[in-house]
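Chains as they are written, first to last, in UniProt numbering: chain A, 1 to 152; chain B, 1 to 152.
Yeah, the Cβ is synthetic: ideal placement off N, Cα and C, and Gly gets one too.
A quick write-up on the structure given underneath.
There are 2 protein chains.
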Amino acid sequence: MTSSFKSAPADKSELEEGSELTPRFDANGLVTAVVVDSGDNEVLMLAHMNEEALRLTIETGLAHYWSRSRNKLWKKGETSGNMQTVDEIRVDCDQDAVLLKVRVSGADATCHTGRRSCFYRKVVETDGQTRLEIGSEPLFDPGSVYTDDQAN
Amino acid sequence: MTSSFKSAPADKSELEEGSELTPRFDANGLVTAVVVDSGDNEVLMLAHMNEEALRLTIETGLAHYWSRSRNKLWKKGETSGNMQTVDEIRVDCDQDAVLLKVRVSGADATCHTGRRSCFYRKVVETDGQTRLEIGSEPLFDPGSVYTDDQAN
């Protein structure tokens, strides 16, 4: 396993323009991860990574996260089969967020509701009211895949 | 101005499958916003919104955020001219994140470093070392646009 990441430099220009990966984990030890499909850039999910999850993702090429609800390391798709093979990892300017470009195995569904993306509802205005409209249907039946505490 | 958003329902299925926008603001009163270009889905930035920022974004069609570093409401592009016109807003399954599809005005640059996207560095392996490689150059000169506390 690679050694721990170095601490973020105090110098802003080094942090933003440098070639050293120095993730700025927050007070809970997490960075935010945006996950998109390598093929069409569709945003699939938003998740969080602690240091171990980020290291494992870099080392294995499979996306790992930290589950805040289950409070444990989470190898995406371990239960559902919808694993994520990582084609590219990017980091943002101040290094507190990463972007993963992935290919999804299994049913090509990333959301625990069975849909391709977690962002399946659009905000619409109907008769002056703000409502949500569902734009996509489940690709698998979550009830037949997960027990209650397993949705991944 | 629209009235405040309703509280999130206790029922998980209503939260995930319902048509009511009930954003789940965190302990700091924020949801995370992923911002992509409407044209090609390129991820431009990650930001945060408090209730006011989300309401203003829906009402005006221009992206507003909450700046955690400056601790104030932030109309994106007000200083730089790189404003974001919102074509679509989506919400994720558990309603603690939103996805904005936008068109960027001005220099078509979203990052305060002058680049199109904040995610301009790629994680690469060179001689067994993990490094960052810069993949895009600034589209404007931040030094000529911002004072130190204004980068937006």
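{"Check": "Give the range of the beta strand (DSSP E) segment to which E133 of chain A is assigned.", "Outcome": "129-134"}
{"Check": "Between the beta-carbon of K75 of chain A and the beta-carbon of L56 of chain A, is there less than 9 Å?", "Outcome": "yes"}
{"Check": "Closest by CA to G29 of chain B, which one among B:V104, B:V102, B:S7?", "Outcome": "B:S7"}
{"Check": "Candidates A:S136, A:T110, A:N50: which alpha carbon is nearest G77 of chain A's?", "Outcome": "A:T110"}
{"Check": "Would you mind stating whether E88 of chain A and V36 of chain B have Cβ atoms separated by less than 9 Å?", "Outcome": "no"}
{"Check": "With a floor of 3 residues, list each beta strand (DSSP E) that falls wholly inside the stretch 38-97 of chain B, ordered by position along the chain.", "Outcome": "43-49, 64-67, 72-75, 84-91"}
{"Check": "Name, going along the chain, the residues of the stretch 119-132 of chain A whose beta-carbon falls closer than 7 Å to a beta-carbon of chain B.", "Outcome": "F119, R121, K122, V123, T130, R131, L132"}
{"Check": "Determine, using beta-carbon pairs with one atom in the stretch 87-102 of chain B and one in the stretch 118-133 of chain B, whether at least three such pairs fall under 8 Å.", "Outcome": "no"}
{"Check": "For a quick check, are the C-beta atoms of T79 of chain B and V102 of chain B less than 9 Å apart?", "Outcome": "no"}
{"Check": "Pick from B:G114, B:E14, B:T147: whose alpha carbon is nearest that of F140 of chain B?", "Outcome": "B:G114"}
{"Check": "Output needed for R131 of chain B: all residues of its chain with C-beta closer than 6 Å, excluding positions within five of it in sequence on either side, in chain order.", "Outcome": "V124"}
{"Check": "Bridge partners for A8 of chain B per DSSP, in chain order?", "Outcome": "According to DSSP, which records beta bridges pairwise, A8 of chain B is partnered with nothing at all."}
{"Check": "Skipping 5 residues on each side, what residues in its chain have a beta carbon closer than 7 Å to that of I134 of chain B?", "Outcome": "Y120, R121"}
{"Check": "For the ligand ADP, is there a heavy atom less than 8 Å away from the beta-carbon of P142 of chain B?", "Outcome": "The model on display carries no ligand, and the ligand ADP is accordingly not part of it."}
{"Check": "Please classify T2 of chain A as buried or exposed, where buried requires at least 16 other C-beta atoms within 10 Å of its C-beta.", "Outcome": "Caution is warranted here: a pLDDT of 47 is assigned to T2 of chain A, below 50, making its placement in the model unreliable, and the coordinate value is therefore given only provisionally. Exposed, by the Cβ-count rule."}
{"Check": "With respect to the alpha helix (DSSP H) encompassing V145 of chain A, which residues constitute its N-terminal and C-terminal limits?", "Outcome": "Where V145 of chain A is concerned, there is no enclosing alpha helix (DSSP H), given that its DSSP letter is neither H nor E."}
{"Check": "With a threshold of 6 Å on Cβ separation, who are the neighbours of R90 of chain A within its own chain once the five nearest residues in sequence on each side are excluded?", "Outcome": "L99"}
{"Check": "Would you please state the rounded distance, in angstroms, between the beta carbons of E16 of chain B and C93 of chain B? I believe it to be under 8 Å.", "Outcome": "5 Å"}
{"Check": "Does the beta carbon of D40 of chain B come closer than 9 Å to any beta carbon on chain A?", "Outcome": "yes"}
{"Check": "Note down the Cα distance separating V31 of chain A from S144 of chain B, rounded to an integer number of angstroms.", "Outcome": "31 Å"}
{"Check": "If we define contact as Cβ-Cβ less than 9 Å, is S19 of chain B a contact residue for chain A?", "Outcome": "yes"}
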